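Chains as they are written, first to last, in the working numbering: chain S, 210 to 329; chain R, 1194 to 1611. For every residue, glycine included, the Cβ atom is placed at its ideal position computed from N, Cα and C. Only a predicted model underlies this, so the values are computations on that prediction, with no experimental measurement involved. Contents: one structure, followed by commentary.
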Amino acid sequence: MKYLLMIYGNQEKWESMPADAWADAIARQEAFNAKYRQTGELLGSYGLADAAQAKLVRRVNGLPAVTDGPYLETKEYMASFWLLDCDGQERAEQIAADMPFADGEPVELWPVLHESAADQ
Amino acid sequence: MTGAPGAQSAPGARDIGELLRGLAPEVLGALVRRYGRFGACEDAVQEAMLEAVTSWPVRGVPGSPKGWLLTVASRRLIDDVRSEHARRRREQEDAAAAAPLEQPRRPGADHDDSLTLLFLCCHPALSGPSQIALTLRAVGGLSTAQIAAAFLVPEATMAQRISRAKEAIRASGARFEMPGSAERPARLGIVLHVLYLIFNEGYTATAGTGLTAPELSGEAIRLTRWLHRLLPADAEVTGLLALMLLTDARRAARTGPDGSLIPLDEQDRSLWDSAKIAEGLALVSAALPAGPVGPYQVQAAIAAVHDEAKSVDTTDWPQILGLYELLEQLAPGPMVSLNRAVAVAMVAGPAPGLELLRELESDRRLAGHHRLHATRAHLLEMSGDARGAVASYREAARRTTSLPERRYLTGRAARLAE
């Protein structure tokens, strides 16, 4: 089963973190990533750029139209996501709970729809 | 001994692939028996198979394909060992020279090795996904890239999973030997479960794009058929093979042209594969009286009753109900109880079926499970309560993690709500 893990944040929150705490936070996160890559359960981990970089893409009269945005009304937006492929919900929850950020912030866990029908 | 006169005419890549994959467990089993070091032997066999895939179509299949693979794989293995431990080189070569691998062995030794290999790949120290990956590679002879494609994960992830699985086997101290008689039924149970999971994973309309992603249901059937040849007297192995065939027989009728899921009661039964049904029926008829009766045989018997019926109305529901009652004793579980509720509804009407569901709602394993809601929706629809059925179909659609099932449930709710 595949699962998506997400953590949320915003610029204000990142800036409030003491500069010397970053190295440790990053190292702990890298250790988490390495650990689950080695078990063959982590398909990929990605950090998103700041919301200021995000664009909205539409097609207008058949042509792409790109504008700035989204102008998020929520206080926090998605900062990073991880794609897992593991034994099941219980295991996915274990891995999410092992996320370094889980000490202070919740980690969102979403099952990814499976392409085949569930067991008969 | 490659190519050479006497080699048969160049066969297609597909034939060679099938030949190689059939030989994979015997070659690997013999190698591990001889040298130990399961992980390294497994790599060596994969390399030998790769070499065969490039060499055989050009130079022809050697007279003894298995001997060729054993020789090439042993050479690879010894090369590896040599680079690891240069000092032990002499020893290895001497040993290899002293006891050629193709020496006559006692009859059945190949079978024992293959079986031991399968037990090792389904070792209880491994997680489910690791057991599946390792079985497909070491016993099924599939490449890491093929397995990764079948499960829609990057090749690097699958490679990691396989190497981790080998490491776990090494760390567990497992030896290359058959489980003892006390341990054996439980270990065989894991093996059968792994094969069943591989089958289920592939039981879908979209699986496999031919050459790149192997079709997993077919692969599970091939491996179970092979296991049945090794253990012809085991009624549960026979039962599992029958269950797979009787289920797979409905494949063509199970999905619409747009890939949508078609439930059993709406399938065009003329599309069912009569050869697979006949084979499955023969197997389950032979297994049941031989006993002891187990869950796979009973599930196969249930599939057989469905497959023998011309329509859902002429299905022998009392017999299906009896079989679910038996299954509930042999292997009790919430899903079995759910299926029994459906059978009760088909025999005695939706009201007693719904009554049973209400009892099941208190089971924590089922509360919130999409199948409970989907079953209730079907029974409410049967009873004429369209509104209640729509609500339950929608609830089930929200809770399933299967994409085809979600589409089916949402569509059913939409049709009823019109």
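Contacts that residue i makes with chain S (C-beta to C-beta distance below 8 angstroms)
i	result
R:L1420	In chain order: nothing, as chain S lies at least about 20 angstroms away.
R:Q1353	R246, Q247, T248, G249
R:P1347	L252, G253
Closer than 7 angstroms at the beta carbon, the chain S residues around residue i
i	result
R:S1320	D296
R:L1596	L322, H323, E324
R:R1614	Past the boundaries of the shown model lies residue 1614 of chain R; chain R is included only from 1194 to 1611, so the question cannot be answered.
Neighbouring residues, chain S, relative to residue i (Cβ below 9 angstroms)
i	result
R:T1350	R246, G249, E250, L251, L252, G253, D294
Assumed close pair residue i, residue j - CB separation to whole angstroms, cut-off 8 angstroms
i	j	result
R:T1593	R:R1599	5 angstroms
R:L1531	R:L1565	6 angstroms
R:L1438	R:I1414	7 angstroms
R:V1477	R:G1432	6 angstroms
R:G1395	R:S1410	4 angstroms
S:D296	R:P1527	S:D296 to R:P1527, Cβ: 19 angstroms. No contact.
R:A1326	R:R1354	5 angstroms
S:L213	S:A305	S:L213 to S:A305, Cβ: 10 angstroms. No contact.
R:Q1324	R:V1387	5 angstroms
R:P1258	R:L1221	In fact, because the Cβ distance is near 14 angstroms, the residues do not count as touching under 8 angstroms.
S:A288	S:G256	7 angstroms
R:L1609	R:V1583	5 angstroms
R:L1376	R:I1391	Correcting the residue identity first, residue 1376 of chain R is Glu in this sequence and not Leu. About 23 angstroms; that fails the 8 angstroms criterion.
R:A1180	R:A1579	Residue 1180 of chain R falls outside the range modelled here, since chain R spans only 1194 to 1611, and no answer is possible.
R:L1553	R:A1534	7 angstroms
R:V1165	R:I1209	In the structure as shown, chain R starts at 1194 and stops at 1611, and residue 1165 of chain R therefore has no counterpart that could be examined.
Neighbourhood of residue i by C-beta distance below 6 angstroms, restricted to the same chain and skipping five residues each side
i	result
S:G313	none
R:R1217	In the sequence under discussion, the amino acid at residue 1217 of chain R is Ala, which differs from the Arg named in the question. Answer for R:A1217: G1334, listed in chain order.
R:R1214	G1334
R:A1497	L1439, L1474, V1477
R:S1612	This structure gives no information on residue 1612 of chain R, because the portion of chain R shown stretches from 1194 to 1611.
R:D1466	A1442
R:K1503	none
R:M1155	Here chain R comprises residues numbered 1194 to 1611, so residue 1155 of chain R is not present and cannot be evaluated.
S:V316	L214, I216, A305, M308
Chain-order list of residues whose beta-carbon lies under 7 angstroms from that of residue i (same chain, five-residue window excluded)
i	result
S:K211	L292, L293, D294, V321
R:P1347	A1341
R:P1618	Beyond the ends of chain R as shown, which are 1194 and 1611, falls residue 1618 of chain R; an answer cannot be given.
R:Q1490	A1428, E1429, G1432, V1477, A1480, L1481
S:L251	N242, Y245, W291, L293
R:T1399	Note on R:T1399: pLDDT 45, under 50, position unreliable in the model; the coordinate value appears next. G1452.
R:G1561	R1592
R:G1232	K1359, R1363
S:P279	A263, L265
R:G1581	L1573
R:L1416	V1332, G1333, L1388
Other residues of its chain near residue i: CB distance less than 8 angstroms, five sequence neighbours each side excluded
i	result
R:G1484	A1428
R:H1224	Checking the displayed sequence, the identity of residue 1224 of chain R turns out to be Leu instead of His. Answer for R:L1224: C1234, A1237, V1238, L1263, A1266, S1267, L1270, L1294, listed in chain order.
R:A1607	none
R:P1545	V1537, A1538
R:S1453	P1597, R1600, Y1601, G1604
S:F241	D307, M308, P309
R:T1350	A1341
Proximal chain R residues relative to residue i, where beta-carbon distance stays under 8 angstroms
i	result
S:M337	Within the shown structure, residues of chain S are numbered from 210 to 329, placing residue 337 of chain S beyond reach of any answer.
S:M210	T1594
Proximity test, Cβ basis, 8 angstroms: residue i and chain C
i	result
R:E1472	Looking for chain C here will not work: the only protein chains present are S and R.
Using a Cβ-Cβ cut-off of less than 7 angstroms, list which residues of the region 1306–1318 of chain R approach chain S; keep chain order.
So nothing in the stretch comes that close.
At least three beta-carbon pairs within less than 8 angstroms, the region 1357–1364 of chain R to the region 251–265 of chain S
Output reads no: the region 251–265 of chain S does not touch the region 1357–1364 of chain R.
Of all the residues that make up the region 1352–1381 of chain R, which are near chain S by a beta-carbon distance shorter than 9 angstroms?
Here the close residues are A1352, Q1353, R1354, I1355, S1356, R1357, A1358.
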